[in-house]
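In the numbering used here, the protein residues as written are 2 to 991.
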């Protein structure tokens with residue numbers, strides 16, 4: 002589309018700013034953030050508006066009409082079809098117009114604003130035993146307005162139908178500015194009854210043929226036999242006819258007594274063949290899985306994660322619900338008997354059922370990458386066919402994929418005939434393959450009587466293909482319908498009617514690769530940060546509160562509610578940086594700086610994002626490229642090199658601590674280091690661990706004396722400062738107890754290398770001493786590195802990657818002396834341990850010794866809960882059954898190592914545990930830096946601070962992370978404990 006003249010653009014922005022109370026933002030950065038949704042497409046808007054109320058929406062619509070500027074409504078921006086982006090005004094309803102106005106439990110209805118997130122509506126309805134029926138997988142961030150736009154469905158549409166089936170009435174404004182209530186009277190739109198009456202044959206024969214026929218406009222709802230339902234006919238029109246101001250939707254009773262039936266078949270197509278017979282049993286859901294997606298879950302989570310599935314290579318997960326549990330179980334058994342499956346399992350245990358459903362949920366996230374690790378894209382993501390045609394369609398679709406040499410992981414709502422799949426279409430350079438494939442795929446779907454879209458709408462991805470499934474008469478009817486509401490083509494143009502080409506405005510081919518520098522390897526992204534940033538396809542999980550499932554992403558967005566501060570928003574700006582036409586300054590551009598400024602580098606997105614976007618790594622790479630060889634921010638020199646300064650200060654730690662308590666001096670140091678004046682500097686240890694008696698004894702003592710440091714059992718006949726030579730150098734032999742020889746030689750204790758990182762060494766040496774005691778009690782011989790080494794964490798987070806690589810090279814040189822002989826490394830500080838497990842191999846990708854160190858590094862909990870020979874033999878943790886803990890997992894541990902081992906260990910102690918979900922908000926240097934304090938506190942208010950306020954009296958904060966303990970100390974005056982300290986304190990006195 003031609004660019005708008007600057008004077009017209011200024012006039013537009015001025016008019017909007019004068020008429021709208023909400024934010025009006027035409028900055029380059031904001032336009033970059035809203036240039037894409039969850040589709041393959043990129044369309045840069047002129048301006049983004051955040052209306053605060055209905056009057057703001059009406060004002061923006063009036064200005065759109067007066068100026069002739071196109072307008073696109075947007076909710077969560079999770080559209081995979083490209084129907085939430087536009088070249089003119091983008092209205093973001095999710096920021097302010099997001100309330101549930103009213104719940105009427107007697108009428109079973111709810112009134113909601115269009116920006117209301119589905120999860121918010123479900124939470125409001127739940128106390129009444131009610132819910133909104135449709136349940137798309139994006140329920141935690143998609144909005145009701147977006148669901149109305151796309152006619153969203155979800156897994157339970159067999160029971161609850163589509164969004165159209167659950168809408169009572171809509172308060173709308175059309176493209177001519179007419180505001181009306183859309184319900185059961187089409188006459189409120191001039192000419193509509195006549196249009197319907199003159200096209201009855203076309204509507205009756207081509208539209209509404211099966212439940213998931215979402216493509217096109219659903220004019221069948223306007224038929225007399227369907228009650229002339231105007232509201233339902235407007236659902237699925239993708240913002241191209243009206244703008245929704247408010248919706249009244251139906252609520253349904255929560256399903257009772259759900260049972261899951263798992264069915265295994267030889268392949269997915271055979272499983273699909275069984276669907277029509279299963280539908281006779283009135284299930285509430287039938288979900289299909291293929292071996293490809295199950296294999297992906299197994300590779301990621303281990304074989305145990307999929308062990309509950311019955312035998313087969315294609316599966317159906319069928320849910321049966323009912324008011325009577327006995328009758329429901331009987332129905333489930335009858336269904337299983339009729340399923341013609343290789344093996345069937347009726348799952349009556351809710352926990353076991355949840356584990357099976359998680360395979361489906363995890364698989365959906367993993368489908369963004371193929372089995373070979375290639376990026377998989379939407380584009381033909383949700384086609385549907387009548388269920389009786391599904392098996393034949395899947396066989397033909399697999400053959401089509403083979404013809405194009407494309408790969409994907411199909412799954413879907415098989416009870417409705419809807420198939421989801423993302424494909425490794427080569428979009429990095431151009432869209433020719435995409436166009437050819439979707440042309441052939443559309444023809445295939447139409448040959449099976451199907452719909453190009455089964456729940457996500459047509460958008461830019463499929464609108465051009467509608468003539469493949471509809472007659473010229475139907476296409477003309479869609480155009481006439483559009484012209485009744487929006488004759489000037491201002492509302493979301495290019496969608497359904499007069500469509501944009503499917504291969505126009507593709508985002509990925511327009512992005513250029515970034516020249517490789519001496520930064521991260523980006524090993525899983527072909528060595529290219531551009532590819533890494535394009536992992537983000539806009540799923541938008543970073544905009545959701547994921548705390549209920551122990552998720553952390555994205556703490557800055559949860560604190561500010563601004564797309565700028567989401568992982569997706571940041572990725573969009575980096576993608577535009579690679580494009581170079583909107584964000585033109587590369588890594589030096591202010592847009593990139595603003596986008597990354599409030600990123601906490603918590604790494605949560607690396608694990609919580611279904612696409613695996615690692616914004617912490619991308620931020621460090623950008624900082625490295627921007628400041629390498631240049632003057633840096635002051636905080637980079639102080640906080641970014643903190644281990645260096647801590648070691649220098651250590652000899653005068655008491656004096657330094659005293660001086661830092663003097664307010665003027667404290668403020669001077671904080672200002673000098675680029676830190677917020679409201680912060681205090683953590684106290685340096687009076688005696689660092691490296692100079693402690695325990696450290697000196699472990700480094701200098703012969704084997705017999707090593708035991709004296711711990712328990713009074715003879716250790717191995719080796720030096721305590723270097724790895725032992727072992728006759729059996731197999732992995733099992735490295736850890737296995739060898740028993741006694743004929744001379745009753747004492748059994749050797751397995752060796753571990755304890756790494757006291759810079760934070761533990763200089764600030765919390767008591768934790769290292771506690772770890773020694775725990776490891777000793779568990780039966781290990783403890784070794785310490787001969788040289789003090791640093792992982793370079795603070796250098797990494799501030800983008801000083803050359804310095805970090807230097808630190809890590811020295812560390813690998815020291816630690817490989819131990820890992821070469823199979824001795825595991827135990828880290829104390831989670832963030833430093835995470836560096837060894839993740840960043841190390843990205844900064845030293847060609848060093849096999851670095852890979853060995855990464856494989857050999859464990860947290861204390863991982864070691865203590867591992868099976869022998871790595872884990873302890875016949876050791877039980879001390880009882881903590883009389884203690885209660887508020888537990889703050891460290892973000893880097895959550896992202897890289899996970900927290901399952903800690904949960905298991907704490908459960909074994911019998912402790913009462915309240916686990917905090919979310920980042921503490923300090924995040925290393927982030928919360929200390931000037932300009933970040935308020936957001937740091939806001940993040941803490943979403944997790945650690947209310948948890949501490951609500952804790953039972955006598956509870957202990959358990960936080961292994963130095964940052965987490967520092968945040969709790971400074972904001973809540975609460976001193977936290979490391980797990981090692983808690984375990985050591987509960988050990989019996991020696």
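From the three backbone atoms N, C-alpha and C, an ideal C-beta is built for every residue, glycine too.
key: Through-space distance from residue 924 to residue 607, alpha-carbon basis   = C-alpha of residue 607 to C-alpha of residue 924: approximately 15 Å in a straight line.
query = Going by C-alpha distance, which of 888, 970, 985, 933 is nearest residue 953?
reply = Of the residues 888, 970, 985, 933, the one whose Cα lies closest to the Cα of residue 953 is 888.
ask   = Quick one: Cα of residue 723 to Cα of residue 956, how far?
value = Bear in mind that a pLDDT of 36 at residue 723, under 50, signals an unreliable position, so the number given afterwards is only what the model happens to contain. Rounded to whole angstroms, residue 723 and residue 956 show a C-alpha spacing of 41 Å.
Coarse secondary structure for residue 156, derived from DSSP in three states = It is coil, neither helix nor strand.
ask   = Which two residues bound the contiguous beta strand (DSSP E) that contains residue 913?
value = Taken as a continuous stretch (DSSP letters only), the beta strand (DSSP E) holding residue 913 covers 913-916.
task = Tell whether a beta-carbon distance below 8 Å holds between residue 624 and residue 800.
result = Yes. Within cutoff.
query = Going by the CB atoms, is the gap between residue 236 and residue 168 shorter than 8 Å?
reply = Yes, the pair counts as a contact, with Cβ atoms nearer than the cut-off.
ask   = If you compare alpha carbons, which of 117, 139, 161 is closest to residue 131?
value = Closest option to residue 131, judged by alpha-carbon separation, among 117, 139, 161: 161.
key: Straight-line Cα distance separating residue 649 from residue 753   = Near 29 Å, if we compare the C-alpha coordinates of residue 649 and residue 753.
request  = Using a threshold of 8 Å, state whether the C-beta atoms of residue 902 and residue 863 are closer than that.
outcome  = Against a cut-off of 8 Å, the Cβ pair of residue 863 and residue 902 comes out as a contact.
inquiry  = Tell me which residues share the same chain as residue 839 and place their Cβ nearer than 7 Å to its Cβ, disregarding the 5 neighbours each side in the sequence.
reply    = Hits under 7 Å: 897.
ask   = Which first and last residues belong to the alpha helix (DSSP H) in which residue 67 is found?
value = Residue range 55-68 is occupied by the alpha helix (DSSP H) that includes residue 67.
request  = Label residue 985 either buried or exposed according to how many other C-beta atoms from any shown protein chain fall within 10 Å of its C-beta, with 16 as the threshold for buried.
outcome  = With a threshold of 16 other beta carbon atoms within 10 Å, residue 985 meets it and is buried.
inquiry  = Count Cβ pairs between the stretch 411-427 and the stretch 103-122 that sit closer than 8 Å; are there 3 or more?
reply    = No, because fewer than three Cβ pairs between the stretch 411-427 and the stretch 103-122 fall closer than 8 Å, the two stretches do not touch.
Pick from 841, 786, 934 that is closest to residue 827, judged by C-alpha positions = When C-alpha distances from residue 827 are compared across 841, 786, 934, the shortest belongs to 786.
task = State the CB to CB distance for the pair residue 685 and residue 764, rounded to an integer number of angstroms; the pair is presumed to be in contact (CB under 8 Å).
result = Confirmed, Cβ separation roughly 7 Å.
task = Taking only beta-carbon positions, decide if residue 959 is within less than 8 Å of chain C.
result = Absent here is chain C; the protein component of the structure consists of one chain.
ask   = So residue 85 packs on residue 27, CB below 8 Å; how close in whole Å?
value = The beta carbons of residue 85 and residue 27 sit about 18 Å from each other, so the pair does not count as a contact at 8 Å.
inquiry  = Tell me the residue span of the beta strand (DSSP E) that contains residue 170.
reply    = Unbroken beta strand (DSSP E) run through residue 170: 168-175.
ask   = When burial is assigned at 16 or more other CB atoms within 10 Å of the CB, is residue 516 buried or exposed?
value = Exposed, by the Cβ-count rule.
inquiry  = Short of 6 Å in beta carbon distance, which residues of its chain neighbour residue 7, apart from the five on each side in sequence? Order them along the chain.
reply    = Counting only Cβ-Cβ distances below 6 Å, and skipping sequence neighbours, we find nothing.
ask   = What's the gap between the Cα of residue 564 and the Cα of residue 264?
value = Pairing residue 564 with residue 264, the inter-Cα distance amounts to about 42 Å.
query = Near residue 187, which residues of its chain fall below 6 Å by C-beta distance, leaving aside the five closest residues on each side in sequence?
reply = Counting only Cβ-Cβ distances below 6 Å, and skipping sequence neighbours, we find 193, 194, 223, 229, 231.
inquiry  = If I measure Cβ to Cβ from residue 1 and keep anything under 7 Å in the same chain, skipping five residues before and after, which residues do I get?
reply    = Look at the range of the chain in this structure, 2 to 991, and you will see that residue 1 is not part of it.
query = Exposed or buried, what is residue 774 when buried is set at 16 or more other beta-carbons lying within 10 Å of its beta-carbon?
reply = Burial call: buried.
ask   = How close, in whole Å, do the beta carbons of residue 251 and residue 144 come, if the pair is a contact with beta carbons under 8 Å?
value = Not confirmed; about 17 Å, so no contact.
message = What ranges does the alpha helix (DSSP H) occupy inside the stretch 821-863, keeping only unbroken runs of at least 4 residues that lie completely in it?
response = Positions of the alpha helix (DSSP H) runs, each at least 4 residues long and wholly inside the stretch 821-863, are given as 831-835, 841-844, 849-856 in order along the chain.
key: Residues near residue 126 in its chain [Cβ-Cβ closer than 7 Å; skip 5 each side]   = Around residue 126, the same chain offers 104, 111, 132, 133, 252 as residues with beta carbons nearer than 7 Å, after the five sequence neighbours per side are excluded.
message = Quick check on the DSSP output: the alpha helix (DSSP H) that includes residue 434 runs from which residue to which?
response = It spans 433-448 - the alpha helix (DSSP H) in which residue 434 sits, taken as one unbroken run.
inquiry  = On the CB-based measure, 16 or more other CB atoms within 10 Å of its CB, does residue 355 come out buried or exposed?
reply    = Around the CB of residue 355, fewer than 16 other CB atoms lie within 10 Å, so the residue is classed as exposed.
task = Return yes when the Cβ of residue 219 is within less than 8 Å of the Cβ of residue 498, no when it is not.
result = With respect to residue 219, residue 498 sits apart: the two C-beta atoms are not nearer than 8 Å.
request  = Enumerate in chain order the residues of its own chain whose CB-to-CB distance from residue 96 is below 6 Å, with the five nearest sequence positions on each side excluded.
outcome  = Counting only Cβ-Cβ distances below 6 Å, and skipping sequence neighbours, we find 51.
query = If you run the structure through DSSP and keep just helix, strand and coil, what is residue 94?
reply = In the structure shown, residue 94 sits in coil (DSSP, three-state: anything other than H, G, I, E or B).
message = If you follow the alpha helix (DSSP H) that residue 358 is in, where does it begin and where does it stop?
response = Per DSSP, residue 358 is one residue of the alpha helix (DSSP H) stretching across 351-367.
ask   = Span of the beta strand (DSSP E) holding residue 183?
value = For residue 183, the enclosing beta strand (DSSP E) begins and ends at 180-183.
message = I need the boundaries of the beta strand (DSSP E) containing residue 428, first residue and last residue.
response = No beta strand (DSSP E) contains residue 428, which DSSP labels as neither H nor E.
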